[in-house]
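Chains as they are written, first to last, in our numbering: chain G, 405 to 851; chain V, 63 to 481. Okay, structure first, notes after.
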Amino acid sequence: MTPWRRLRSAALPSQTLTALKMLSFAIDANSGGARTGVLSFPSRGLTLPTPALLVYTRKGLPLNLMPDLLDELKDDGVTTLQLNTMHFIEGPSADTVRKAGGAHNFLGVQDYILLALGRDAMNFEGGGPASATYASFDTPSGRRQVTPEAYADIIDALRPDIFVPLADDIPSTSGRKRVKQSVDRSLSWLDECIERNKQGIPIFGSVQGGSNLYERPRSAEETAVRDVAGFHLGGFGLGESFDERPTLLAAAIDKLPPSKPRHVSGLSVPEEILQGVAAGVDLFDSAYPLSLTLAGLAMTFPVSHESPEVGSADGIGSSGATEGEGPALGADCSKLNLLSLALREDPRPLLPGCQCYTCRNHTRAYLHHLLNAHEMLAQVLLEIHNTHHYTRFFRAIRQSIIEDRFDRFRQAFVDRCRTTQIDVKPMAPKPSGRTSRIDGVHELEKC
Amino acid sequence: DAASMALQFEVLARSGRARASQLTLPHYECATPMFMPVGTQGSVKGLTSEQLAELDCHVILGNTYHLANRPGSDLIDRMGGLHHFINWKRGMLTDSGGFQMVSLLHLADITEEGVTFQSPVDGRPMLLTPEQSIRIQNEIGADIIMALDDVVSSLVTGPRIEEAMHRTLRWIDRCIEAHSRSNEQNLFGIIQGGLDPRLRDLCLKGMMERDKDLPGYAIGGLAGGEDKASFWRVVAQCTAALPDNKPRYVMTVETGLDGKLAEDFSLSPPSLGSAPMCARRYPLDIVVCSALGADMYDCVYPTRTARFGTALVPEGTLRLKLADMKHDMRPIDPTCACMVCQKYTRAYLHAVVTKEPIGAYLVSYHNVAYMMRLTRDIRTAITQQRFPQYVRDFLQCQFPKGDIPDWVRDALKVAGIDV
Ligand SMILES: [Zn+2]
Ligand SMILES: [Zn+2]
Numbered sequence: 405m406t407p408w409r410r411l412r413s414a415a416l417p418s419q420t421l422t423a424l425k426m427l428s429f430a431i432d433a434n435s436g437g438a439r440t441g442v443l444s445f446p447s448r449g450l451t452l453p454t455p456a457l458l459v460y461t462r463k464g465l466p467l468n469l470m471p472d473l474l475d476e477l478k479d480d481g482v483t484t485l486q487l488n489t490m491h492f493i494e495g496p497s498a499d500t501v502r503k504a505g506g507a508h509n510f511l512g513v514q515d516y517i518l519l520a521l522g523r524d525a526m527n528f529e530g531g532g533p534a535s536a537t538y539a540s541f542d543t544p545s546g547r548r549q550v551t552p553e554a555y556a557d558i559i560d561a562l563r564p565d566i567f568v569p570l571a572d573d574i575p576s577t578s579g580r581k582r583v584k585q586s587v588d589r590s591l592s593w594l595d596e597c598i599e600r601n602k603q604g605i606p607i608f609g610s611v612q613g614g615s616n617l618y619e620r621p622r623s624a625e626e627t628a629v630r631d632v633a634g635f636h637l638g639g640f641g642l643g644e645s646f647d648e649r650p651t652l653l654a655a656a657i658d659k660l661p662p663s664k665p666r667h668v669s670g671l672s673v674p675e676e677i678l679q680g681v682a683a684g685v686d687l688f689d690s691a692y693p694l695s696l697t698l699a700g701l702a703m704t705f706p707v708s709h710e711s712p713e714v715g716s717a718d719g720i721g722s723s724g725a726t727e728g729e730g731p732a733l734g735a736d737c738s739k740l741n742l743l744s745l746a747l748r749e750d751p752r753p754l755l756p757g758c759q760c761y762t763c764r765n766h767t768r769a770y771l772h773h774l775l776n777a778h779e780m781l782a783q784v785l786l787e788i789h790n791t792h793h794y795t796r797f798f799r800a801i802r803q804s805i806i807e808d809r810f811d812r813f814r815q816a817f818v819d820r821c822r823t824t825q826i827d828v829k830p831m832a833p834k835p836s837g838r839t840s841r842i843d844g845v846h847e848l849e850k851c
Numbered sequence: 063d064a065a066s067m068a069l070q071f072e073v074l075a076r077s078g079r080a081r082a083s084q085l086t087l088p089h090y091e092c093a094t095p096m097f098m099p100v101g102t103q104g105s106v107k108g109l110t111s112e113q114l115a116e117l118d119c120h121v122i123l124g125n126t127y128h129l130a131n132r133p134g135s136d137l138i139d140r141m142g143g144l145h146h147f148i149n150w151k152r153g154m155l156t157d158s159g160g161f162q163m164v165s166l167l168h169l170a171d172i173t174e175e176g177v178t179f180q181s182p183v184d185g186r187p188m189l190l191t192p193e194q195s196i197r198i199q200n201e202i203g204a205d206i207i208m209a210l211d212d213v214v215s216s217l218v219t220g221p222r223i224e225e226a227m228h229r230t231l232r233w234i235d236r237c238i239e240a241h242s243r244s245n246e247q248n249l250f251g252i253i254q255g256g257l258d259p260r261l262r263d264l265c266l267k268g269m270m271e272r273d274k275d276l277p278g279y280a281i282g283g284l285a286g287g288e289d290k291a292s293f294w295r296v297v298a299q300c301t302a303a304l305p306d307n308k309p310r311y312v313m314t315v316e317t318g319l320d321g322k323l324a325e326d327f328s329l330s331p332p333s334l335g336s337a338p339m340c341a342r343r344y345p346l347d348i349v350v351c352s353a354l355g356a357d358m359y360d361c362v363y364p365t366r367t368a369r370f371g372t373a374l375v376p377e378g379t380l381r382l383k384l385a386d387m388k389h390d391m392r393p394i395d396p397t398c399a400c401m402v403c404q405k406y407t408r409a410y411l412h413a414v415v416t417k418e419p420i421g422a423y424l425v426s427y428h429n430v431a432y433m434m435r436l437t438r439d440i441r442t443a444i445t446q447q448r449f450p451q452y453v454r455d456f457l458q459c460q461f462p463k464g465d466i467p468d469w470v471r472d473a474l475k476v477a478g479i480d481v
């Protein structure tokens, strides 16, 4: 008998009741494998329509959005932040957060939903050294070994609305033995986290299994019988191909109860989000808005083929970027390269018709200037627009599911942006702490 | 001559030499004494226009030298002027560009014609004349523009100072002559003359002969390098002599001991002691100069020091990087009403300053809020006829041991405030 079986039975009864009070999930509509619903946190008076985007943070806050700017995005549906548990190992430490009464208070985000997990959506290779007792992670203070006990202690201090337990995330190229080990370890760590979850914070059990079509379902089944409020689909975006992913997603999701929410890390760009939604995923960690921001790019793809007023012909493909000078580097029908010289005097907003703060107030010419002059405001304004735009995309996805036309929505999107390549490799902020970026993009001054 | 003025200046209240006034610019009705954050290249370090307005900023500065380099004043003009280009609806001020050339480019040289320098873009020799400086500033379109002056470090002595003062007077005529938008933009003359009262006096007299063409004045040539006794005496001499019905702007040029810009010093954190003292006590300068009758101030210090993790507080500065901040659950300043102090502890800021961009944004925001509150409090104290008490309370906070520097006591005595 493996240790986790013992622990599971001990943990079950009281936890379920508490978790139920804290979180509930109702599905409103299905369209093929896609589904839309509402994740509710009754005791906090917060709800989250799904499928939804979780905003990427470092040390608890988005890189370039001060709380007032973040609040302005609320009307667009930005209500949920992804917290990286590992960013609270050293500074700020769990004890400091605990003294403040949890992450909501400490970060000044009392009315946001916080989901904590160990995986960094910007900077995660997977497969760091691990043993039966710890996993390794890159943190802002360097590489750290984390035991389930230490992890649970940080979670206890953060008091997030949801957390994903410590898991042994591995690259998809891992061999059969390593995959099995990862599945067993993750289950055992899940049990330990359940055991240590004194506050009854809802847990999303981490489903592993790499690219192995035997281990994926086994991990899903074993996770599903435990006392969890939902599921985290682990091990994605770690080397599997775009084409093999649907099979792997299905292998896990087929074994999960439809009534519980599913969350994934590692699916980032629009095509991947659509792939995840089609498979029945409800929550997405994506650093895509930030990756584009750090590259000086603005999201401009049409959020829906039925809304030509935004991102229509006047807007993007035929924008200044292509007039006379050939396509601007990194730009296509889905994004606009603000570093392009062709936008030097472009008086239009980033995306004509966009209602975000940046587009209501500023021109492409100004953004081009700010990037050129290495002014930090460039990143602030770009992150506002990109986050706003991506949440609109999620809203359009939800609408298409409600109207039971998600497959057409997805197909139209893919057809329209045929030239778009899945080429935006997330730019990883270096663990040393300084934000990394590509050429021409501002570097935070050295001290 | 009202026809050549694009501003109105009305003194609303006085306390000794200090005054609280309303300065009506083409784009905004400002209140002085006033602090103007520096938006060197068309943005104030990560803060949005909306945030700057919420912070109660009335005027922000643009640097002509940087803006002329990029995006270029012609482009700014075509984009509808700097206000429109950066979408800032309130007041703006641009400097002449000359000072930055002299201090940033080591190959700059001043002749009667203007400032010659090597283009930072392609190395070609370039010339900035008074006419060109004004033309560029006319294109940029700020509410207040500055005359091109002959800048020398306040540590330089001898005939060069006198030459610069006379040249500044000759150049002001060329600036006035070149100014093509006097109904929309206000040209300020700059008083030079180093630390020599006789030369300052000559410059003041000369400038005031052109008073009908000058809606306001700046006191220039004061740097971080000179001793504070000289600094306040120059300010006191100029504010006493300048016309009462026009705004007086104390320019911060922040040169260090070797005459180089404080920009260079700032590459190491101010906390290490390499920053000029004037910067570290900058709010004190504003209080003293306001007591002496000055109205307008600018400084990059509040936003720059924020990026190194230093916050401004009534007691002076708070270095958020220090280890004892790690578990400090208080806000930066418990008496500050700004968003950052309402939401964040020193402990959180300790973890993000100098590491995450958000740390720079948050501390910059607080520091600008601090400067705005400082000048607002000065105005209110003058209006409510309790300015001397305000100054004493301010000093009590900054120097709890009573070790107020002599220069502060001397300056305030001249201002009629006993400390
Ligand atoms: Zn926008
Ligand atoms: Zn504050």
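We put the CB at the ideal spot given by N, CA and C, even for glycine.
Whose C-beta lies closer than 7 Å to the C-beta of residue i among residues of the same chain, with five residues either side of it excluded?
| i | result |
| --- | --- |
| D557 (chain G) | A498 |
| C92 (chain V) | L85, H120, V121, G153 |
| G378 (chain V) | Q460 |
| Y406 (chain V) | P393, L424 |
| L261 (chain V) | I223, E224, M227, G255 |
| H428 (chain V) | A373, I394, C398, C400, V402, C403 |
Taking 8 Å as the cut-off, decide whether the C-beta atoms of residue i and residue j are in contact.
| i | j | result |
| --- | --- | --- |
| A399 (chain V) | L117 (chain V) | no |
| D573 (chain G) | G639 (chain G) | yes |
| L660 (chain G) | F688 (chain G) | no |
| E625 (chain G) | K584 (chain G) | no |
| A690 (chain G) | A525 (chain G) | A small fix is needed here, since residue 690 (chain G) is Ser in this sequence, not Ala. In contact: S690 (chain G) and A525 (chain G) (Cβ atoms closer than 8 Å). |
| L518 (chain G) | P564 (chain G) | yes |
| S623 (chain G) | V568 (chain G) | no |
| G522 (chain G) | T489 (chain G) | yes |
| L87 (chain V) | D275 (chain V) | no |
| F147 (chain V) | V213 (chain V) | no |
| P606 (chain G) | A633 (chain G) | yes |
| M387 (chain V) | R408 (chain V) | yes |
Could you name the residues of the same chain whose beta carbon sits closer than 8 Å to that of residue i, not counting the 5 residues immediately before and after it, in chain order?
| i | result |
| --- | --- |
| R502 (chain G) | D560, A561 |
| I281 (chain V) | I252, I253, V296, V297, C300, T301, R310, Y311, V312, M313, A356 |
| K151 (chain V) | H89, Y90, S111, A115, H145 |
| A682 (chain G) | G436, G437, A438, P650, F810, D811, R814 |
Apart from the five residues on each side of it in sequence, which residues of its chain come closer than 6 Å, Cβ to Cβ, to residue i?
| i | result |
| --- | --- |
| A477 (chain V) | G78, R79, A353, L354 |
| W233 (chain V) | P192, L210 |
| F461 (chain V) | none |
| R369 (chain V) | A422 |
| A473 (chain V) | W294, V350 |
| P693 (chain G) | N790, T791, Y794 |
| R448 (chain G) | none |
Quiz prompt | Members of the region 506-532 of chain G that neighbour chain V once the beta carbon cut-off is set at 8 Å | solution = F510, L511, G512
Exercise. Scan the region 679-694 of chain G for residues whose Cβ lies nearer than 7 Å to a Cβ of chain V and list them as they occur along the chain.
Key: none
Quiz item: At a Cβ cut of 9 Å, what residues of the region 541-557 of chain G count as close to chain V, listed as they run along the chain?
Solution: P544
Exercise. Check distances from the C-beta atoms of the region 769-798 of chain G to those of chain V and list, in chain order, the residues that come in under 9 Å.
Key: A769, Y770, H772, H773, L774, N776, A777, H778, E779, M780, L781, A782, Q783, V784, L785, I788
Quiz prompt | Positions along the region 171-198 of chain V whose CB lies within less than 7 Å of some CB in chain G | solution = none
Self-check item: Lining residues of ligand 2 - beta-carbon closer than 6 Å to any non-hydrogen atom, in sequence order
Solution: V:I394, V:D395, V:C398, V:C400, V:V402, V:C403, V:H428, V:A431
Practice problem: Taking a Cβ distance cut-off of 7 Å, strictly less, list which residues of the region 133-149 of chain V are near chain G, in chain order. | Solution: P133, L137, R140, M141, F147, I148, N149
Quiz prompt | Runs of beta strand (DSSP E) lying entirely within the region 174-234 of chain V, each at least 3 residues, in chain order | solution = 177-180, 187-190, 206-208
Quiz item: Can you list, in chain order, the residues of the region 358-390 of chain V whose Cβ is nearer than 8 Å to any Cβ on chain G?
Solution: R369, F370, G371, K388, H389
Exercise. May I ask you to list, following chain order, the residues of the region 420-431 of chain V that have a beta carbon less than 8 Å from some beta carbon of chain G?
Key: I420, A422, Y423, L424, Y427
Practice problem: Mind checking the region 476-501 of chain G against chain V and listing, in chain order, the residues whose C-beta falls within less than 7 Å of any C-beta there? | Solution: G495, P496, T500
Self-check item: beta strand (DSSP E) segments (min. 3 residues) lying fully within the region 137-168 of chain V
Solution: 153-156
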